[in-house]
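In what follows, a single structure is set out as structure tokens and then discussed.
There are 2 protein chains.
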Amino acid sequence: MDQSLIFENAHLYVEKEASEIPWLKIFTKEPYKELGDVPKELRLQLFEVFDIIEDEMKKYYNPTKINMASFANMLPRVHLHVMARFENDSYFPNPMWGEKLRDAVLELPDEKEFYKRVAIALKQFSPG
Amino acid sequence: MDQSLIFENAHLYVEKEASEIPWLKIFTKEPYKELGDVPKELRLQLFEVFDIIEDEMKKYYNPTKINMASFANMLPRVHLHVMARFENDSYFPNPMWGEKLRDAVLELPDEKEFYKRVAIALKQFSPG
Chain A
21 MDQSLIFENA
31 HLYVEKEASE
41 IPWLKIFTKE
51 PYKELGDVPK
61 ELRLQLFEVF
71 DIIEDEMKKY
81 YNPTKINMAS
91 FANMLPRVHL
101 HVMARFENDS
111 YFPNPMWGEK
121 LRDAVLELPD
131 EKEFYKRVAI
141 ALKQFSPG
Chain B
21 MDQSLIFENA
31 HLYVEKEASE
41 IPWLKIFTKE
51 PYKELGDVPK
61 ELRLQLFEVF
71 DIIEDEMKKY
81 YNPTKINMAS
91 FANMLPRVHL
101 HVMARFENDS
111 YFPNPMWGEK
121 LRDAVLELPD
131 EKEFYKRVAI
141 ALKQFSPG
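Chains as they are written, first to last, in my numbering: chain A, 21 to 148; chain B, 21 to 148.
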């Protein structure tokens, strides 16, 4: 079993990124180059899944800020990054792709419990 | 008149970022900290405006990739970045916040014409 997989339904899946911060990535199963290439209904579902993950991140981690991004420059396949940022993380206030500012050691609650909550919330949204 | 303002309606406005690449920023007039704090209808409008800008960027510049991001870590006020990326721009394939890889001199079509097209497309979407 792929340890990075947090959730999947017929059209989407959610993976975790290995990082000091809580960081999830939402992929469509069918690959698309740009967000505008994703069929409208699936694009709305993608942003619904983002909303749910953002909400769970806020409730569980109480982060300084949520960050969202869609780049896929190396491999042009649309996916959304969702990141919980903390004022004492290694890059804040820079984006996670920016200059590292310090060697942070974050003390965060158990990530396994967070992934469980995300999976439950996404299953309620999308039982299929 | 603010030279960076490309479009506004009752709820949103679009500004250009000074950059070597085509780069626009979409703000809600009412400030919100996180995307999930933006009322649902306005959040959908925000992503509609993103879709329209992405589409105009693709048609006018034929970029290698479109990038989108929402950070607002310095000043926690939601806005969406929309960037047209080129394989020979100064940072590609890194995000624009990442490590600079070369000193690019891009030869792009007239940006004034692009802003005009964006404004026309957004007015058609949102005549109000």
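In this text, a Cβ means the ideal position worked out from N, Cα and C, and glycines have one as well.
If we ignore side chains and look at the alpha-carbon of each, how far apart do residue i and residue j end up?
i, j, result
"M21/A", "E37/B", "Low per-residue confidence applies at M21/A: pLDDT is 49, beneath 50, and the placement is therefore not dependable, though the value from the model is reported in the following sentence. Those two C-alpha atoms are separated by around 44 Å."
"P42/A", "K143/A", "20 Å"
"F112/A", "A124/A", "10 Å"
"F145/A", "E131/B", "42 Å"
"R137/B", "T48/B", "21 Å"
"Y52/A", "L62/A", "11 Å"
"E76/B", "F134/B", "8 Å"
"Q65/A", "L126/A", "32 Å"
"I26/A", "I86/A", "19 Å"
Drop a sphere of 10 angstroms on the beta-carbon of residue i, count the other beta-carbons inside from all chains shown, and report buried for 16 or more, exposed for fewer.
i, result
"P59/B", "exposed"
"K45/B", "buried"
"E54/A", "buried"
"R122/A", "exposed"
"E94/B", "The question names Glu, but residue 94/B is Met in the sequence shown. The residue in question, M94/B, is exposed, as its Cβ has fewer than 16 Cβ neighbours within 10 Å."
Between the Cα of residue i and the Cα atoms of the options, which residue gives the shortest distance?
i, options, result
"L128/B", "K49/B, A139/B, N82/B and V34/B", "N82/B"
"E107/A", "Y52/B, P96/B, M116/B and F145/B", "P96/B"
"I91/B", "F91/A, N114/A, I72/A and E133/A", "According to the sequence as given, residue 91/B is Phe; it is not Ile. Checked all of F91/A, N114/A, I72/A and E133/A; the closest Cα to F91/B is N114/A."
"F67/B", "I140/B, K85/B, M94/B and V98/B", "V98/B"
"I72/A", "M116/B, I73/B, M103/B and D57/B", "D57/B"
"H101/A", "S110/A, D109/A, Y80/A and E74/A", "E74/A"
"A104/B", "A141/B, E50/B, N29/B and Y80/B", "Y80/B"
Taking Cβ-Cβ distances shorter than 8 Å, what residues in chain A pair up with residue i?
i, result
"W117/B", "N114, P115, W117 and G118"
"D109/B", "Those do not exist, as D109/B stays about 10 Å from chain A at its closest Cβ, beyond 8 Å."
Just checking residue i against the ligand MG - is the residue's beta carbon closer than 6 Å to any of the ligand's heavy atoms?
i, result
"A104/B", "As for the ligand MG, it is missing from this structure, which has no ligand bound."
Run through DSSP, which three-state label would residue i get?
i, result
"I46/A", "strand"
"R122/A", "coil"
"V98/A", "coil"
"M21/A", "Low confidence applies to M21/A: its pLDDT is 49, below 50, so where it sits in the model is not reliable, and the reading given next is rough at best. If DSSP states are grouped into helix, strand and coil, M21/A belongs with coil."
"L128/B", "coil"
"K79/A", "helix"
"V138/B", "helix"
Give the residues of chain B in contact with residue i, contact being defined as C-beta atoms less than 8 Å apart.
i, result
"H92/A", "Contrary to the premise, residue 92/A reads as Ala rather than His in this sequence. K85, listed in chain order."
"L55/A", "F70, D71, E74, I86 and M88"
Given that residue i touches chain A, what residues does it touch there, using C-beta distances under 9 Å?
i, result
"R105/B", "F91 and N93"
"F19/B", "Look at the range of chain B in this structure, 21 to 148, and you will see that residue 19/B is not part of it."
Residues of chain B with CB closer than 7 Å to the CB of residue i, please, in chain order.
i, result
"P96/A", "K85"
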